[in-house]
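K.L.:
Residue numbers for the sequence shown follow the numbering used here, beginning at 5 and rising by one.
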Amino acid sequence: MIGIDPTPLDLRLVAFGIPIRVHPSFWLGSILFGSNLQSSQLIFIWVVCAFISILIHELGHALTAESFGWPTEIVMYFGGGLAISQRNRGNSPWRSIAVSLMGPLAGFLLYGLVFLVDRLVCQNYKGVLHIPSSDGLGDDYRIYVLVAVNFLLFMNLYWGLLNLLPVLPLDGGHILESFCESLGFRDPSGFTLKVGTIVAGAVAYYFFAKMQQPFAGAMMLMLCMQNAGALLFERP
Numbered sequence: 005m006i007g008i009d010p011t012p013l014d015l016r017l018v019a020f021g022i023p024i025r026v027h028p029s030f031w032l033g034s035i036l037f038g039s040n041l042q043s044s045q046l047i048f049i050w051v052v053c054a055f056i057s058i059l060i061h062e063l064g065h066a067l068t069a070e071s072f073g074w075p076t077e078i079v080m081y082f083g084g085g086l087a088i089s090q091r092n093r094g095n096s097p098w099r100s101i102a103v104s105l106m107g108p109l110a111g112f113l114l115y116g117l118v119f120l121v122d123r124l125v126c127q128n129y130k131g132v133l134h135i136p137s138s139d140g141l142g143d144d145y146r147i148y149v150l151v152a153v154n155f156l157l158f159m160n161l162y163w164g165l166l167n168l169l170p171v172l173p174l175d176g177g178h179i180l181e182s183f184c185e186s187l188g189f190r191d192p193s194g195f196t197l198k199v200g201t202i203v204a205g206a207v208a209y210y211f212f213a214k215m216q217q218p219f220a221g222a223m224m225l226m227l228c229m230q231n232a233g234a235l236l237f238e239r240p
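#1: CA-CA distance, ASN160 and TRP31?
#2: Just list the residues that DSSP pairs TYR81 with in beta bridges.
#3: Compare the Cα-Cα distances from LEU59 to each of GLN42, PHE237, PHE20 and report the closest residue.
#4: Which of the three DSSP states, helix, strand or coil, is assigned to MET5?
#5: Can you grab the Cα-Cα spacing for the pair PRO12 / TYR81, in whole Å?
#6: Could you tell me which residues DSSP pairs with VAL26 in its beta bridges?
#7: What are the residues that DSSP puts in a beta bridge with SER89?
#8: Measure the alpha-carbon distance for SER104 versus GLN216 and round it to whole angstroms.
#9: Check the C-beta distance from PRO108 over to ASN154 and give it rounded, since I have them as a contact under 8 Å.
#10: List the whole-angstrom C-beta distance separating LEU225 from ALA208, where the pair is believed to meet the contact cut-off of C-beta under 8 Å.
#11: Near ASN231, what residues of its chain come up, given a Cβ to Cβ distance below 7 Å and the 5 sequence neighbours on each side ignored?
#12: Thinking ARG16 and ILE22 are a contact (beta carbons under 8 Å), I'd like their distance in whole angstroms, please.
#13: So, helix, strand or coil for PHE212, using DSSP?
#14: GLU62 and ILE78: beta carbons closer than 7 Å?
#15: Using the Cα positions of LEU174 and LEU227, report the straight-line distance between them to the nearest angstrom.
#16: Judging by CA-CA distance, which residue of SER96, ALA54, ILE56, CYS53 is the nearest neighbour of ALA69?
#17: Nearest by alpha-carbon distance to ILE179: which of VAL151, SER71, MET106 is it?
#18: Under DSSP, the alpha helix (DSSP H) around ALA220 begins and ends at which residues?
#19: Tell me the rounded alpha-carbon separation between ALA87 and PRO28.
#20: Kindly give me the distance between the Cβ atoms of SER193 and ILE101, rounded to whole angstroms, as I take these residues to be in contact under 8 Å.
#21: With distances taken Cα to Cα, identify the nearest neighbour of ASN253 among ILE147, GLY116, PHE37.
#22: State the DSSP-derived secondary structure class of SER57, mapped to helix, strand or coil.
#23: Kindly indicate which residue of GLY85, ASN92, GLY64 has the alpha-carbon position closest to the one of PRO75.
#24: Can you check whether the CB of GLY33 is closer than 7 Å to the CB of GLY83?
Right under this line is the structure:
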């Protein structure tokens with residue numbers, strides 16, 4: 005799969021005993037997602053915050069899978085990351101739901117911690133600092149803290165909420181699929197793909213028409229087409 009296959013340029017890390025591989029496309033994707041920012045310093049902070057946020061999200065998945073005895077590795081690539089588990093024993097729909105849910109919950113926990121920092125520390129100097137619009141961020145380190153806090157709050161709240169939409173391959177889609185399986189649906193995957201096609205299409209329209217966010221709209225439209233394509237062409 006493009007963006008996942010190993011390359012000589014991969015960055016390899018280990019956290020809590022879990023191997024982590026960062027594909028070069030992760031950095032490219034993060035830069036593209038933040039390319040509308042007005043300075044190289046802002047883009048750099050955006051990329052660092054994206055790395056932290058996505059890594060915490062994937063660790064939420066991975067640590068939960070490891071607690072069930074499923075060896076897991078994390079791959080970070082263009083557009084996000086994957087926690088790949090070897091579910092060789094003890095798998096069940098409810099355990100799958102737990103693994104899927106703990107990624108967004110880990111992000112919401114990080115959001116809560118950053119929110120406390122924002123309220124306890126950053127509020128003291130928000131009113132006296134001005135973030136320059138184009139010529140860099142200046143020399144005051146507090147401006148960098150403010151920017152990073154704002155990025156982390158945005159990423160870990162809104163990305164987490166989007167990830168809970170019932171659209172495959174988002175976590176919400178996997179949660180719905182596993183829930184349908186637990187209820188004994190005859191075709192949980194097909195039902196989830198139908199729901200995902202409708203939801204992703206509606207959200208794409210909202211981003212395009214109501215929010216004037218073409219990039220987010222294009223991402224949701226791509227997911228809509230992916231779910232529709234799997235439903236129409238890839239299934240027997």
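Beta carbons: idealized from backbone N, C-alpha and C, even for Gly.
P.N.:
Put simply:
#1: Position 156 of the sequence shown holds residue 160. Position 27 of the sequence shown holds residue 31. Distance from the CA of ASN160 to the CA of TRP31, rounded to the nearest whole angstrom, comes to 18 Å.
#2: Looking up residue 81 in the sequence shown gives position 77. BP columns for TYR81 point to GLY84.
#3: Within the sequence shown, the letter at position 55 stands for residue 59. Per the Cα distances, PHE20.
#4: On the sequence shown, position 1 is the one that residue 5 refers to. With a pLDDT of 47 at MET5, under the threshold of 50, the predicted position of this residue should be treated as unreliable, though the coordinate-derived value follows. In the structure shown, MET5 sits in coil (DSSP, three-state: anything other than H, G, I, E or B).
#5: Numbered from its first residue, the sequence shown carries residue 12 at position 8. Numbered from its first residue, the sequence shown carries residue 81 at position 77. For PRO12 and TYR81, the distance between alpha carbons rounds to 14 Å.
#6: Indexing the sequence shown from 1 puts residue 26 at position 22. DSSP lists LEU15, MET80 as the bridge partner or partners of VAL26.
#7: Taking the sequence shown and counting its residues from 1, the one referred to as residue 89 is at position 85. Looking at the DSSP assignment, SER89 forms a beta bridge with THR76.
#8: Start at 1 with the first residue of the sequence shown, and residue 104 comes out as number 100. Start at 1 with the first residue of the sequence shown, and residue 216 comes out as number 212. GLN216 has its alpha-carbon roughly 30 Å from the corresponding atom of SER104.
#9: Residue 108 sits at position 104 when you count from the first residue of the sequence shown. Residue 154 sits at position 150 when you count from the first residue of the sequence shown. Actually they do not touch by this definition, with Cβ atoms about 20 Å apart.
#10: Residue mapping note: residue 225 aligns to position 221 of the sequence shown, counting from 1. Residue mapping note: residue 208 aligns to position 204 of the sequence shown, counting from 1. A Cβ-Cβ separation of about 4 Å places LEU225 in contact with ALA208 under the 8 Å criterion.
#11: Here the question's residue 231 lines up with position 227 in the sequence shown. Closer than 7 Å at Cβ, skipping near neighbours: VAL171, LEU172, LEU197, GLY200, THR201, ALA204.
#12: Position 12 of the sequence shown holds residue 16. Position 18 of the sequence shown holds residue 22. 12 Å between Cβ atoms; not a contact.
#13: As a first step, residue 212 is located in the sequence shown; it is residue number 208 there, counting from the start. PHE212 falls in the helix class under three-state DSSP.
#14: Start at 1 with the first residue of the sequence shown, and residue 62 comes out as number 58. Start at 1 with the first residue of the sequence shown, and residue 78 comes out as number 74. Result yes, Cβ atoms of GLU62 and ILE78 sit closer than 7 Å.
#15: Locating residue 174 in the sequence shown gives position 170, counting from the first residue. Locating residue 227 in the sequence shown gives position 223, counting from the first residue. It is roughly 9 Å from the alpha-carbon of LEU174 to the alpha-carbon of LEU227.
#16: Position 65 of the sequence shown, counted from the start, is the residue given in the question as residue 69. Minimum Cα distance to ALA69 is reached at SER96.
#17: The residue you call residue 179 lines up with position 175 of the sequence shown. Each of VAL151, SER71, MET106 was checked against the Cα of ILE179, and the nearest Cα belongs to MET106.
#18: As a first step, residue 220 must be located in the sequence shown, where it is residue number 216. Counting along the chain, ALA220 sits inside the alpha helix (DSSP H) bounded by residues 218 to 233.
#19: On the sequence shown, position 83 is the one that residue 87 refers to. On the sequence shown, position 24 is the one that residue 28 refers to. Going by the C-alpha atoms only, they are around 17 Å apart.
#20: Walking along the sequence shown from the start, residue 193 turns up at place 189. Walking along the sequence shown from the start, residue 101 turns up at place 97. Rounded to the nearest angstrom, the Cβ distance from SER193 to ILE101 is 15 Å, too far for a contact under 8 Å.
#21: Nothing about residue 253 can be read from this structure; the chain reaches only from 5 to 240.
#22: Against the sequence shown, residue 57 aligns to sequence position 53. In the three-state reduction of the DSSP assignment, SER57 falls in the helix class, which pools H, G and I.
#23: One-based indexing of the sequence shown puts residue 75 at position 71. The residue with the shortest Cα to Cα distance from PRO75 is ASN92.
#24: As a first step, residue 83 is located in the sequence shown; it is residue number 79 there, counting from the start. As a first step, residue 33 is located in the sequence shown; it is residue number 29 there, counting from the start. Taking 7 Å as the Cβ cut-off, GLY83 and GLY33 qualify as a contacting pair.
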